[in-house]
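Note that my numbering numbers the sequence shown so that position 80 is 72, with each residue one more than the last.
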Amino acid sequence: MNQSKIGKFISECRKVRGWTQNQLAEKLGITDKAVSKWETGKSMPDLSLFTPLCDLFEISLNELLSGEHIPDEKLKEKSNEILMDIITSWLGQDKWELHENTSDTQIILRLQNVKKNYENTSTLAVNNVSFQIAQGSFVGIMGASGSGKSTLLNLIATIDKPTSGTIEINGQNVVDISEKDVAKFRRDYLGFVFQEYNLLETLTVYENIALALTIKKMQKENVKQIIDALAEKLEIADILFKFPYEISGGQRQRCACARAIAVNPNLILADEPTGALDSHSAKQLLDTFLMLRREYGATILMVTHDAMSASYCDKILFMQDGEIKDMLDREQRTKQEFFTSILEVVAQIGGDDNYVS
Ligand code: ADP
-7 MNQSKIGKFI SECRKVRGWT QNQLAEKLGI TDKAVSKWET GKSMPDLSLF
43 TPLCDLFEIS LNELLSGEHI PDEKLKEKSN EILMDIITSW LGQDKWELHE
93 NTSDTQIILR LQNVKKNYEN TSTLAVNNVS FQIAQGSFVG IMGASGSGKS
143 TLLNLIATID KPTSGTIEIN GQNVVDISEK DVAKFRRDYL GFVFQEYNLL
193 ETLTVYENIA LALTIKKMQK ENVKQIIDAL AEKLEIADIL FKFPYEISGG
243 QRQRCACARA IAVNPNLILA DEPTGALDSH SAKQLLDTFL MLRREYGATI
293 LMVTHDAMSA SYCDKILFMQ DGEIKDMLDR EQRTKQEFFT SILEVVAQIG
343 GDDNYVS
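Structure below.
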């Protein structure tokens, strides 16, 4: 349920009737502070107030909970959506976020026997790595500093080439793509939430996201439509016209997510996206990834050294000395249970001290 959308809708319904926040509060027998909190999306009306609110505004419960007027033809679809939302919030999202790797699931990324040898230092940074990722999964790569995570991510991102092995994205071996075509491939298939690919400081947030879309030759009206919809979902609508230096680190990362998903990429690559964030912003960003996966079917591969961030994933690959030493599937575990299992693996393969990459 979108709290801020519901808040805006309450405000709209109130204003249509020409009531002040105080007048609405009086009719409901509550304080105007509570009304103000709903309208700014800070809280939700108490359950016992749903019916009186609907009666006052002459709207249905479905409309109140979806935060908009619903035309008759959309009623069934909307009420199903709301029902699913409510069930999800009762049961907890964990169970609904699970994606089974069934045989008919489309494989987005497939690595086979990938090796990367840095000849200058004779370092085998990635050694015989094979794995695959199905569409709609959120996969984490963990490992101590120097274990090969960044090298592996750079190979998948087509920033670097492997010494041997194949890396297929959507069935295409990226190792074979020529220098000339690689930028276009990246633009068409990949979304980046990398520190180095952060927002351009001289453009507003809107322009940063729009840039990614106009490179794809999209019409101006469509660009606006996509950005407005994403901004609402990612809760960045009120900072769209600010410059990156005017917003917080967490907001910047959410904007980077908006830019990454805007072009509808097959795979989103994230490199330590929560590394520089406080715990509240980190949680918000990880929830954003879950939302992108749920609502846009995004497939996400994230490098992290942080077990809390990793506990949001549904599969973790653990790297050590360039190899995948262990894999952990979330299965039916809750976030907390998964977190504990991750810490156990981390302790087994080298101890927590090294996880400070
Ligand atoms: P991580 O991201 O897990 O910290 P990296 O992928 O950065 O690990 O590094 C893996 C190994 O490869 C390390 O031993 C590192 O020193 C080496 N390495 C990384 N990049 C280069 C490079 N450009 N040239 C030579 N060696 C490198």
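Every residue gets a Cβ at the ideal spot worked out from N, C-alpha and C, and that includes glycine. On a predicted model such as this, the values are computed, not experimentally measured, just so you know.
A Cβ-Cβ distance of about 6 angstroms is found for the pair I100 and L259, placing them in contact under the 8 angstroms criterion. With contacts defined as CB atoms closer than 8 angstroms, L56 and L48 fail to qualify as a contacting pair. At least one heavy atom of ligand 1 lies closer than 7 angstroms to the C-beta of A117. With fewer than 16 other beta carbons inside 10 angstroms of its own, E238 counts as exposed. When the Cα atoms are used, I159 and G135 turn out to be separated by approximately 21 angstroms. Within the model, the alpha-carbon separation for A274 versus P265 is close to 8 angstroms. In the three-state reduction of the DSSP assignment, R285 falls in the helix class.
Here the distance from the Cβ of N120 to the nearest heavy atom of ligand 1 is not below 7 angstroms.
Taken in chain order, the complete alpha helix (DSSP H) segments of 4 residues or longer contained in the stretch 204 to 276 are 212 to 225 and 241 to 254. Per DSSP, the unbroken beta strand (DSSP E) holding G183 starts and ends at L182 to V185.
Contact holds between the stretch 245 to 258 and the stretch 191 to 203, because three or more Cβ pairs, one in each stretch, are under 8 angstroms apart.
Spanning the alpha carbons of T196 and R179 requires a straight line of approximately 20 angstroms. Within 7 angstroms of the C-beta of S142 there is at least one heavy atom belonging to ligand 1. Cβ contact annotation for I218 (same chain, cutoff 7 angstroms, sequence separation greater than five): L205 and A254, in chain order. A contact between stretches requires three or more CB pairs, one per stretch, nearer than 8 angstroms, and the stretch 16 to 33 fails this requirement with the stretch 59 to 72. Here N14 has D24 as same chain residues with Cβ atoms under 7 angstroms from its own Cβ, once five neighbours each way along the sequence are excluded. Cβ atoms of V131 and V118 stay farther apart than 8 angstroms, at about 16 angstroms.
In the pairwise beta carbon analysis, the stretch 216 to 233 is classified as not touching the stretch 137 to 151: fewer than three pairs are separated by under 8 angstroms. Nearest to L116 by C-alpha distance, out of Q124, T143 and G128, is T143.
When the beta-carbon positions are compared, L182 and L261 come within less than 8 angstroms of each other. Cα atoms of K234 and A26: separation of roughly 30 angstroms, rounded to the nearest angstrom. According to DSSP, residue pairing for R102 in a beta bridge involves Q124 and E160. Of the other Cβ atoms in all chains shown, 16 or more fall within 10 Å of the Cβ of D263; this residue is therefore buried. Collapsing the DSSP output to three states places T115 in a strand. Here K317 carries a strand assignment [DSSP, helix/strand/coil]. In the DSSP assignment, L45 falls within the unbroken alpha helix (DSSP H) covering F42 to F49. For V166, there is no enclosing beta strand (DSSP E), since its DSSP letter is neither H nor E. S139 has its Cβ nearer than 7 angstroms to a heavy atom of ligand 1.
Judged by the Cβ position, T296 fails to qualify as a neighbour of ligand 1 at the 7 angstroms threshold, every heavy atom of the ligand being at least this far. Distances taken from the Cβ of G135 to the heavy atoms of ligand 1 include one shorter than 7 angstroms.
Per DSSP, the continuous alpha helix (DSSP H) segment holding G(-1) begins and ends at Q(-5) to V8. S156 has its alpha-carbon roughly 15 angstroms from the corresponding atom of G140. In this structure, I316 sits away from I334, with a CB-CB distance that is not shorter than 8 angstroms. Pairing V174 with P154 gives a Cβ-Cβ distance that is not under 8 angstroms.
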